[in-house]
Amino acid sequence: MKSKETIIKELAPRKFGKRGTIWSIILLIFIFAGLIAYIDQLIKGQVVTNMRDYALWGVYISSFVFFVATSSVGSVAAAILRLTKNEWRTPIVRIAEIISLAAIIMAGITIIIDMARPDRLLNLFIHARLQSPITWDVIIIPTYMIISFFLLYFPLLPDLKILKDHYKESHPTLSKWYGKLSLKWNGSVAQKALQQKSIRIIAIAIIPLGIILQTVDAWLFSTTYRIGWDSQNLAPYFISGAFVAGIGALVTGIYVVRKVRNLEDYITDFHFDKLGKLLALACLLYLYFNINEYLLPTFKAKKAEAIHLETLFTGSYALLFWSVTILGLILPIILLLFKKGRSPKGMFYIGLLVVIGSWWKRYVIVTPTLLHPFLPIQGVPESWRHYFPSLHEWLISFGTLALAIFIIMMLVRFIPIIPIQRTMDEQNIEQIDKK
Amino acid sequence: MRSLIILKRTLLFALGLCLITPVLAQKKNKVRIKAQFINVIDQGAFIEISGSSRIDRKNTAVSDIVFNVYDNTDSKRTKIGSTTTDENGEATFALSDFNTMEADSTGLYKIQVVFDGNDNFAKAKKNIEFKKAKLTAKVIQKDSLNFITAQLLDGLSMEPITDEIVTVQVQRLFKPLRIGEEFNATDESGTIEAMIPNDIPGIDGMLNLEVVLSDNDDYGTVKAIVSSPVGVPAAIEDNFNKRAMWGTAKRAPLYILIFTNVLLLGIAILFIYLTRNLINISKS
Chain A
1 MKSKETIIKE LAPRKFGKRG TIWSIILLIF IFAGLIAYID QLIKGQVVTN MRDYALWGVY
61 ISSFVFFVAT SSVGSVAAAI LRLTKNEWRT PIVRIAEIIS LAAIIMAGIT IIIDMARPDR
121 LLNLFIHARL QSPITWDVII IPTYMIISFF LLYFPLLPDL KILKDHYKES HPTLSKWYGK
181 LSLKWNGSVA QKALQQKSIR IIAIAIIPLG IILQTVDAWL FSTTYRIGWD SQNLAPYFIS
241 GAFVAGIGAL VTGIYVVRKV RNLEDYITDF HFDKLGKLLA LACLLYLYFN INEYLLPTFK
301 AKKAEAIHLE TLFTGSYALL FWSVTILGLI LPIILLLFKK GRSPKGMFYI GLLVVIGSWW
361 KRYVIVTPTL LHPFLPIQGV PESWRHYFPS LHEWLISFGT LALAIFIIMM LVRFIPIIPI
421 QRTMDEQNIE QIDKK
Chain B
436 MRSLIILKRT LLFALGLCLI TPVLAQKKNK VRIKAQFINV IDQGAFIEIS GSSRIDRKNT
496 AVSDIVFNVY DNTDSKRTKI GSTTTDENGE ATFALSDFNT MEADSTGLYK IQVVFDGNDN
556 FAKAKKNIEF KKAKLTAKVI QKDSLNFITA QLLDGLSMEP ITDEIVTVQV QRLFKPLRIG
616 EEFNATDESG TIEAMIPNDI PGIDGMLNLE VVLSDNDDYG TVKAIVSSPV GVPAAIEDNF
676 NKRAMWGTAK RAPLYILIFT NVLLLGIAIL FIYLTRNLIN ISKS
């Protein structure tokens with residue numbers, strides 16, 4: 001059994017090593033390039049994108065849907081594990097909460113990027129139509145952002161106090177900040193009662209809020225009368241897809257953190273095995289909804305819908321469609337059935353496959369539908385009939401992705417990635433409140 | 436000697452071919468012009484012009500060409516304006532001064548439509564002649580039945596125009612609805628009469644009835660329009676002021692307003708409660 005000091009030393013945040021610094025620089029370069037592209041887009045307008053009258057939602061909305069999907073599940077999964085008192089959750093919940101917070105912040109930023117005139121953002125509130133899913137989205141995203149912050153912050157309080165004491169002599173300034181953020185935590189019965197009560201309430205509230213977030217996101221599409229989106233199944237389809245994207249991102253994040261921070265003693269093969277089974281279940285569920293979404297319409301598709309499906313199955317989007325379906329969904333299911341597939345390294349690669357597949361899946365959901373309107377495309381230049389993101393769109397999208405990873409890295413840099421207090425409690429190590 | 440003559444002729448033929456080939460190559464397509472005079476009584480007169488050309492054995496509408504319109508009445512050639520064809524090869528020229536335009540001694544107006552030619556199409560022109568007609572229409576009631584009656588007179592002599600077929604129709608959204616006999620011929624007083632069915636719907640019961648003399652050799656197309664409340668008031672469900680999902684922000688359904696605001700209130704209370712807990716933690 002490890003001593004208290006060893007646990008604190010191993011779990012306390014620390015400076016980036018050489019690789020971490022290089023990664024940060026690379027991410028900052030991407031963020032900077034994205035920022036420049038965005039400023040240019042602001043100056044010249046969205047004419048710099050390849051979005052036109054028909055493909056009016058492009059890569060930005062694909063990224064937005066991806067971020068929303070990734071954000072909702074980390075917290076929801078962590079909350080479910082909390083409520084069901086699954087003890088094995090301890091080393092993974094904080095990473096899940098960090099990924100969720102970073103992803104929902106980026107979802108909010110991405111949707112503003114998609115607005116041609118962000119200076120009119122206030123109009124969304126002033127002229128809000130409560131009947132519109134866009135208004136619901138405007139409400140639910142900040143709500144989810146705040147609740148994700150609370151879910152991260154409340155359990156963090158005891159750890160912040162530990163860090164305050166830990167860095168008292170080596171880093172006084174940092175210690176001072178941890179002290180302020182710990183809100184004078186002393187582990188008293190009253191404080192613990194308030195903290196536990198709050199966490200329980202947040203854990204309960206975040207589950208319906210996560211479902212609402214995904215549902216509103218799906219309704220943005222399904223309330224629009226368009227081929228491919230006109231489905232009553234779209235909300236559960238999105239929720240199941242979100243579980244895949246969220247757990248995929250979680251697995252990838254956990255593996256990287258474990259490797260970089262040498263946390264093999266805390267995040268063990270057992271955790272990856274459990275997450276692997278969870279991911280397999282999510283993928284199977286998503287596969288089921290995919291079959292519902294694509295197979296059933298092939299029996300009864302009207303002409304316009306048949307053309308759309310043909311484009312996906314054998315047409316111009318076939319390679320992408322089958323790649324995301326086979327590599328991003330079916331192959332992970334097969335690999336996860338084997339114990340070796342659920343090993344840490346195997347899970348990392350599967351997680352990567354799933355995350356990349358999930359991003360492109362959103363692209364497949366958004367773009368082909370817009371290029372197949374019910375009324376035929378007429379009287380417009382030939383280029384408007386096709387869509388592939390412009391350089392500006394790619395730079396901005398990579399910039400947002402880099403910013404999401406950068407936020408995660410910054411949080412990993414300054415807060416303990418595995419709850420210190422809880423780990424000590426589980427190992428019956430003397431707790432600071434008993435001192 | 437004979438071969439010399441043949442050679443000379445061959446050379447001459449070749450030279451001629453060389454000279455004529457560029458001319459042949461530059462041969463321009465002909466533009467076929469159609470022009471029709473239309474007079475809508477009390478609303479204005481205009482000439483509908485269309486340009487087409489036989490290209491690759493197909494009649495093709497010629498778009499974006501300019502037609503100059505001249506008044507040739509009394510041998511005075513006065514340009515009265517120009518118009519350009521649209522993508523369907525059609526153009527409309529409004530005779531805005533038609534009421535002040537003077538006819539010749541026989542009451543004839545002579546209009547010439549001229550295309551001056553361009554790089555692709557040769558010059559072309561079209562002459563049209565027409566007289567002014569007076570067409571009056573009114574709705575009358577006989578034995579509780581509604582009739583439309585119209586009289587067609589020559590615009591100059593005010594003599595009745597007899598034995599001409601006119602059409603009686605009701606304006607509809609896509610295509611006029613014909614009413615009355617299949618052929619309504621004007622009698623010796625230039626009059627026709629047609630019964631109006633009593634089951635035609637119209638906004639507030641109003642019907643726009645048209646009497647049309649179509650494409651007449653002497654008078655062109657002449658149309659008189661009369662509005663009368665002889666239809667059945669159309670039952671149009673007005674949803675504009677209703678609270679509905681497709682309504683404006685102020686017309687949101689009550690259940691949406693209540694549900695969303697209750698949800699927002701609940702979330703606000705939750706956030707206030709959690710913030711208060713944070714404050715209490717820092718105080719305890």
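These protein sequence lines are chains A and B, in that order.
Sequential numbering from 1 applies to the first sequence in my numbering.
Sequential numbering from 436 applies to the second sequence in my numbering.
Think of the CB as a built atom: it goes at the ideal place given N, C-alpha and C, for glycine as much as any other residue.
A quick note: this is a predicted structure, and the numbers were derived from the prediction, not measured.
On the DSSP letters alone, give me the boundaries of the alpha helix (DSSP H) that residue i sits inside.
{"i": "Leu312 (chain A)", "result": "Lys303 to Phe313"}
{"i": "Ala55 (chain A)", "result": "That residue, Ala55 (chain A), is in no alpha helix (DSSP H); it is neither H nor E in DSSP."}
{"i": "Gln41 (chain A)", "result": "Lys18 to Lys44"}
{"i": "Thr369 (chain A)", "result": "Pro344 to Leu370"}
{"i": "Asn712 (chain B)", "result": "Leu689 to Lys718"}
{"i": "Met630 (chain B)", "result": "No alpha helix (DSSP H) holds Met630 (chain B); the beta strand (DSSP E) holding it covers Thr626 to Ile631."}
{"i": "Lys493 (chain B)", "result": "No alpha helix (DSSP H) contains Lys493 (chain B), which is instead part of the beta strand (DSSP E) from Lys493 to Ala496."}
As a quick exercise: from the options, pick the residue whose alpha carbon is nearest that of residue i.
{"i": "Leu151 (chain A)", "options": "A:Ser100, A:Leu285 and A:Phe243", "result": "A:Ser100"}
{"i": "Ala671 (chain B)", "options": "B:Thr695, B:Arg678, B:Asp639 and B:Leu692", "result": "Looking at the sequence provided, one finds Ile at residue 671 (chain B) rather than Ala. Of B:Thr695, B:Arg678, B:Asp639 and B:Leu692, the residue nearest in Cα terms is B:Asp639."}
{"i": "Gln214 (chain A)", "options": "A:Pro381, A:Ile25, A:Arg200 and A:Ala245", "result": "A:Ala245"}
{"i": "Glu599 (chain B)", "options": "B:Val647, B:Gln576 and B:Lys573", "result": "B:Val647"}
{"i": "Ser182 (chain A)", "options": "B:Asp499, B:Leu713 and B:Asp491", "result": "B:Leu713"}
{"i": "Asp650 (chain B)", "options": "B:Pro636, B:Lys561, B:Phe448 and B:Glu483", "result": "B:Glu483"}
{"i": "Thr49 (chain A)", "options": "A:Leu403, A:Ile405 and A:Trp394", "result": "A:Trp394"}
{"i": "Arg362 (chain A)", "options": "A:Gly20, A:Phe66 and A:Lys4", "result": "A:Phe66"}
{"i": "Gly253 (chain A)", "options": "A:Gly45, A:Arg94, A:Tyr167 and A:Arg19", "result": "A:Arg94"}
{"i": "Pro416 (chain A)", "options": "A:Ser231, A:Tyr167, A:Leu285 and A:Ile140", "result": "A:Tyr167"}
Closer than 6 Å by C-beta to residue i: which residues in its own chain qualify, once you throw out the five before and the five after it? Chain order, please.
{"i": "Ile432 (chain A)", "result": "Bear in mind that the predicted position of Ile432 (chain A) carries a pLDDT of just 46, short of 50, making it unreliable; the figure below should be weighed with that in mind. Only Gly187 meet the Cβ criterion."}
{"i": "Ile207 (chain A)", "result": "Val76 and Ala79"}
{"i": "Ala242 (chain A)", "result": "Ala69, Ser72, Val73 and Gln214"}
{"i": "Pro664 (chain B)", "result": "Gly640 and Met641"}
{"i": "Arg258 (chain A)", "result": "Ile267"}
Please compile the residues from chain B whose C-beta is within a distance smaller than 8 Å of the C-beta of residue i.
{"i": "Trp219 (chain A)", "result": "Residues of chain B passing the Cβ test: none, with the nearest at roughly 12 Å."}
{"i": "Ile146 (chain A)", "result": "Phe706"}
{"i": "Leu157 (chain A)", "result": "Ile716"}
{"i": "Gln191 (chain A)", "result": "Ile716 and Ser719"}
Going along chain B in order, which residues have a C-beta closer than 9 Å to the C-beta of residue i?
{"i": "Lys184 (chain A)", "result": "Ile716, Ser717, Lys718 and Ser719"}
{"i": "Gln195 (chain A)", "result": "Asn712 and Ile716"}
{"i": "Ser397 (chain A)", "result": "Per Cβ cutoff of 9 Å: no residues; Ser397 (chain A) is ~31 Å from chain B at best."}
For residue i, collect the residues of the same chain with a Cβ closer than 8 Å to its Cβ; drop the 5 residues on either side in sequence, then sort them by chain order.
{"i": "Ile204 (chain A)", "result": "Ala79 and Leu83"}
{"i": "Glu426 (chain A)", "result": "Glu87 and Thr90"}
{"i": "Pro389 (chain A)", "result": "Thr49, Asn50, Gly58, Val59 and Ser397"}
{"i": "Ser323 (chain A)", "result": "Gly357 and Trp360"}
Which residues of chain A have a Cβ atom closer than 9 Å to the Cβ of residue i, listed in chain order?
{"i": "Thr520 (chain B)", "result": "The contacting residues do not exist; Thr520 (chain B) stays about 18 Å from chain A at best."}
{"i": "Leu699 (chain B)", "result": "Ile139 and Thr143"}
{"i": "Thr535 (chain B)", "result": "Going along chain A, no residue has its Cβ under 9 Å from Thr535 (chain B), so there is no contact; the nearest lies around 41 Å."}
{"i": "Leu692 (chain B)", "result": "Leu130"}
Which bits of chain A does residue i rub up against, with CB to CB less than 7 Å?
{"i": "Leu713 (chain B)", "result": "Leu183"}
Could you pull the start and end residues of the beta strand (DSSP E) that residue i belongs to?
{"i": "Ala568 (chain B)", "result": "Ala568 to Lys577"}
{"i": "Phe502 (chain B)", "result": "Val501 to Asp506"}
{"i": "Ala318 (chain A)", "result": "It is not in any beta strand (DSSP E) - Ala318 (chain A) instead sits in the alpha helix (DSSP H) that spans Ala318 to Thr325."}
{"i": "Lys277 (chain A)", "result": "Here Lys277 (chain A) belongs to no beta strand (DSSP E); instead the alpha helix (DSSP H) covers Asp269 to Lys300."}
{"i": "Ile146 (chain A)", "result": "No beta strand (DSSP E) holds Ile146 (chain A); the alpha helix (DSSP H) holding it covers Pro133 to His166."}
{"i": "Leu642 (chain B)", "result": "Leu642 to Asn651"}
{"i": "Gly615 (chain B)", "result": "Leu612 to Ala620"}
Who are the neighbours of residue i on chain B, taking C-beta pairs under 7 Å?
{"i": "Ser343 (chain A)", "result": "Going along chain B, no residue has its Cβ under 7 Å from Ser343 (chain A), so there is no contact; the nearest lies around 39 Å."}
{"i": "Phe150 (chain A)", "result": "Leu709"}
{"i": "Ala205 (chain A)", "result": "Leu705"}
{"i": "Ser222 (chain A)", "result": "Simply none; closest approach about 14 Å."}
Only counting the same chain, and skipping five residues up and downstream in sequence, which positions put a Cβ closer than 7 Å to that of residue i?
{"i": "Met145 (chain A)", "result": "Ile104, Ile105 and Gly108"}
{"i": "Ile202 (chain A)", "result": "Ile147, Phe150, Leu151 and Phe154"}
{"i": "Pro688 (chain B)", "result": "Arg678, Ala679 and Met680"}
Residues, ordered as in the chain, of the segment 114 to 137 of chain A that lie near chain E by beta-carbon distance below 7 Å: The displayed structure is made up of protein chains A and B, and chain E is not among them.
Check whether the segment 300 to 312 of chain A touches the segment 221 to 229 of chain A, counting contact only when three or more Cβ pairs, one atom from each stretch, lie closer than 8 Å. yes
Cβ contact (3+ pairs, closer than 8 Å) linking the segment 372 to 379 of chain A and the segment 16 to 31 of chain A: With the cut-off at 8 Å, the segment 372 to 379 of chain A and the segment 16 to 31 of chain A do not touch.
The segment 120 to 135 of chain A contacting the segment 378 to 397 of chain A, beta-carbon criterion three pairs below 8 Å: no
Assess contact between the segment 259 to 274 of chain A and the segment 100 to 111 of chain A, defined as three or more Cβ pairs (one per stretch) separated by less than 8 Å. Is contact present? no
Pair every Cβ in the segment 346 to 356 of chain A with every Cβ in the segment 241 to 257 of chain A, then say whether three or more of these pairs are closer than 8 Å. yes
Just checking, does the segment 537 to 544 of chain B make contact with the segment 574 to 585 of chain B on the three C-beta pairs under 8 Å criterion? The way I'd put it, the segment 537 to 544 of chain B doesn't touch the segment 574 to 585 of chain B; fewer than three beta-carbon pairs between them come closer than 8 Å.
With contact counted as at least three CB pairs below 8 Å, one residue from each stretch, are the segment 690 to 708 of chain B and the segment 609 to 629 of chain B in contact? no
Counting pairs of beta carbons, one from the segment 280 to 299 of chain A and one from the segment 325 to 336 of chain A, are three or more of them closer than 8 Å? Cβ pair count under 8 Å is three or more, so yes.
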